[in-house]
Amino acid sequence: MNTQKSEHIRMKLQKSSVGIAGAGGLGSNIAVSLARAGIGRLVIVDFDTVEESNLNRQYYFRDQIGMVKVEALKEIIHRIDDSVKVDIFNYRLTKNTMDKSFHNVDVIVEALDDADIKTIFIEEVMQKFPNVPIVGCSGVAGYGHSDRIITKKIGNLYMVYDEKAKDSNDDVLMAPRVILMANWQANIVLEIILGEDK
Amino acid sequence: MIKVNGKNVDFVEYETVSGLLKRMKYVFPNVVVKVNGELVKRTDFAHTIIADKSEVSVIHMISGG
Numbered sequence: 001m002n003t004q005k006s007e008h009i010r011m012k013l014q015k016s017s018v019g020i021a022g023a024g025g026l027g028s029n030i031a032v033s034l035a036r037a038g039i040g041r042l043v044i045v046d047f048d049t050v051e052e053s054n055l056n057r058q059y060y061f062r063d064q065i066g067m068v069k070v071e072a073l074k075e076i077i078h079r080i081d082d083s084v085k086v087d088i089f090n091y092r093l094t095k096n097t098m099d100k101s102f103h104n105v106d107v108i109v110e111a112l113d114d115a116d117i118k119t120i121f122i123e124e125v126m127q128k129f130p131n132v133p134i135v136g137c138s139g140v141a142g143y144g145h146s147d148r149i150i151t152k153k154i155g156n157l158y159m160v161y162d163e164k165a166k167d168s169n170d171d172v173l174m175a176p177r178v179i180l181m182a183n184w185q186a187n188i189v190l191e192i193i194l195g196e197d198k
Numbered sequence: 199m200i201k202v203n204g205k206n207v208d209f210v211e212y213e214t215v216s217g218l219l220k221r222m223k224y225v226f227p228n229v230v231v232k233v234n235g236e237l238v239k240r241t242d243f244a245h246t247i248i249a250d251k252s253e254v255s256v257i258h259m260i261s262g263g
């Protein structure tokens, strides 16, 4: 291992903060990966509670069914590393106040499920914070077709994107693709914070 | 000529974002559109005119997450 590189990365990530909108299939897996990578502070917003049907792809456990997702996620993160600061907010993100909890973060991650809410979130957050990078995701449903996934970058917006994927209401949501795209988003977050790995 | 998602597309005078989406047969209700790097909100699609040589990016937001 390159200890000099590793120490540089550790220090930089420890000082960084990432906001995550949504703690479902994408958000729960993104939060855990970023905590393991060493991000110093995570801000996580979600309104939902853990259900049995979530366990096929979301980073929760059977004994957490019924718990508020953000609380369950904070518990998991602190079982991995209790030095990560985790600020959790248990409410539904709604139009005109999408930016509310994301004022002091270095990168914002869109990890929502409904297409309309995803669009509104990205529009509002890009307007409110034109200089903050946003990492979104579109097209997680189904299985296979990993090679269709791309990173589409337009200015400060980075989209993990499969334009040929179906709407999740007409398809299935399964761990491999959801977690692949979640970690693709987390990997982009690291690249934004650390710069390109050379 | 304008560019839409990297492809060359004929320029049409006084065409709005709504008009372009229709012409490109992008019928999805949830799209994020940037013209020359600037976000165009959905509520502004009908009255935002696209200039010649513009670069337009259209991202289709699909449910699931």
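Residue numbers (the numbering used here), protein chains in the order written: chain A, 1 to 198; chain B, 199 to 263. C-beta atoms are modelled at their ideal positions from N, C-alpha and C, and glycine is treated no differently.
- K69 (chain A) to V109 (chain A) span [Cα, whole Å]: As a working mapping, residue 69 (chain A) is identified with position 69 in the first sequence. As a working mapping, residue 109 (chain A) is identified with position 109 in the first sequence. Cα to Cα, the separation comes out at about 17 Å.
- Contacting positions in the region 109 to 133 of chain A - beta carbon closer than 7 Å to chain B: Sequence-ordered contacts of the region 109 to 133 of chain A with chain B read A111, L112, D113, D114, A115, D116, K118, T119, I122, E123, M126, Q127 [C-beta pairs closer than 7 Å].
- Nearest candidate by alpha-carbon position, reference I179 (chain A), set A:F129, A:I9, A:D171, A:V160: If you number the first sequence from 1, residue 179 (chain A) lands on position 179. I179 (chain A) has its Cα closest to that of A:V160, out of A:F129, A:I9, A:D171, A:V160.
- Beta carbon of G142 (chain A) nearer than 8 Å to that of D171 (chain A): Residue numbering aside, residue 142 (chain A) sits at position 142 when the first sequence is read from its first letter. Residue numbering aside, residue 171 (chain A) sits at position 171 when the first sequence is read from its first letter. Cβ distance < 8 Å, so G142 (chain A) and D171 (chain A) count as in contact.
- How should P133 (chain A) be labelled, buried or exposed, when 16 other C-beta atoms within 10 angstroms of its C-beta is the threshold for buried? Mapped onto the first sequence, residue 133 (chain A) falls at position 133. Buried: at least 16 other Cβ atoms inside 10 Å.
- Buried or exposed: which applies to G19 (chain A), given that a residue is buried once 16 or more other Cβ atoms fall within 10 Å of its Cβ? By one-based count along the first sequence, residue 19 (chain A) stands at place 19. Buried, since its Cβ has 16 or more Cβ neighbours within 10 Å.
- Message: I'd like to know whether the C-beta of A165 (chain A) is nearer than 8 Å to at least one C-beta of chain B.
- Response: Position 165 of the first sequence, counting from 1, holds the residue named residue 165 (chain A). With its beta carbon less than 8 Å from one in chain B, A165 (chain A) belongs to the interface.
- Measure the C-alpha to C-alpha separation of R36 (chain A) and D82 (chain A) and round it to an integer number of angstroms. On the first sequence, residue 36 (chain A) is found 36 positions in, with the first residue counted as 1. On the first sequence, residue 82 (chain A) is found 82 positions in, with the first residue counted as 1. Those two C-alpha atoms are separated by around 11 Å.
- Item | Helix, strand or coil at N206 (chain B) according to DSSP, with G and I counted as helix | On the second sequence, residue 206 (chain B) is found 8 positions in, with the first residue counted as 1. It is a strand residue.
- Using a Cβ cut-off of 8 Å (strictly closer), state whether G147 (chain B) contacts chain A. This structure leaves residue 147 (chain B) out entirely; chain B is present only between 199 and 263.
- If we cut at 8 Å on Cβ distances, does H245 (chain B) have a partner in chain A? Here the question's residue 245 (chain B) lines up with position 47 in the second sequence. The beta-carbon of H245 (chain B) is placed no less than 8 Å from the nearest beta-carbon of chain A.
- Message: I need the straight-line Cα distance from G139 (chain A) to K85 (chain A), nearest angstrom please.
- Response: If you number the first sequence from 1, residue 139 (chain A) lands on position 139. If you number the first sequence from 1, residue 85 (chain A) lands on position 85. Per the coordinates, the alpha-carbon of G139 (chain A) lies some 30 Å from the alpha-carbon of K85 (chain A).
- Message: On a Cα-Cα basis, can you pick out the residue from B:A249, B:I257, B:V229 that is closest to T241 (chain B)?
- Response: As a working note, residue 241 (chain B) is residue 43 in the second sequence. For the residues B:A249, B:I257, B:V229, the minimum Cα distance to T241 (chain B) belongs to B:V229.
- Query: Given 8 Å as the limit, is there contact between the region 91 to 104 of chain A and the region 118 to 125 of chain A, that is, 3 or more CB pairs closer than that?
  - Reply: Taking 8 Å as the limit for Cβ pairs, the verdict is that the region 118 to 125 of chain A does touch the region 91 to 104 of chain A.
- Establish whether the CB of V230 (chain B) and some CB of chain A are separated by less than 8 Å. The residue you call residue 230 (chain B) lines up with position 32 of the second sequence. Yes, V230 (chain B) counts as interfacial toward chain A.
- Please state if the CB of I9 (chain A) and the CB of A23 (chain A) are separated by a distance shorter than 8 Å. For the purposes of this step, residue 23 (chain A) is taken as the residue at position 23 of the first sequence. For the purposes of this step, residue 9 (chain A) is taken as the residue at position 9 of the first sequence. No, these two residues do not count as a Cβ contact at 8 Å.
- Residue-level contact to chain B via CB, L173 (chain A), 8 Å cutoff: Counting from 1 along the first sequence, the entry for residue 173 (chain A) is found at position 173. True, the Cβ-Cβ gap to chain B drops below 8 Å.
- Task: Counting only the same chain and skipping the five closest in sequence on each side, list residues whose C-beta sits under 6 Å from that of D87 (chain A).
- Result: For this step, residue 87 (chain A) is matched to residue 87 along the first sequence. Around D87 (chain A), the same chain offers V43 as residues with beta carbons nearer than 6 Å, after the five sequence neighbours per side are excluded.
- Candidates A:A182, A:G38, A:G144, A:K118: closest to I80 (chain A) by CA position: Indexing the first sequence from 1 puts residue 80 (chain A) at position 80. Nearest to I80 (chain A) by alpha-carbon distance, out of A:A182, A:G38, A:G144, A:K118, is A:G38.
- Message: At the level of alpha carbons, what is the spacing between G27 (chain A) and V238 (chain B)?
- Response: Your numbering for residue 27 (chain A) matches position 27 in the first sequence. Your numbering for residue 238 (chain B) matches position 40 in the second sequence. One C-alpha to the other measures close to 26 Å.
- Message: In the DSSP assignment, the alpha helix (DSSP H) including K85 (chain A) goes from what residue to what residue?
- Response: Counting from one through the first sequence, the residue named residue 85 (chain A) turns up at place 85. DSSP places K85 (chain A) outside any alpha helix (DSSP H); the residue lies instead in the beta strand (DSSP E), whose first and last residues are 85 to 89.
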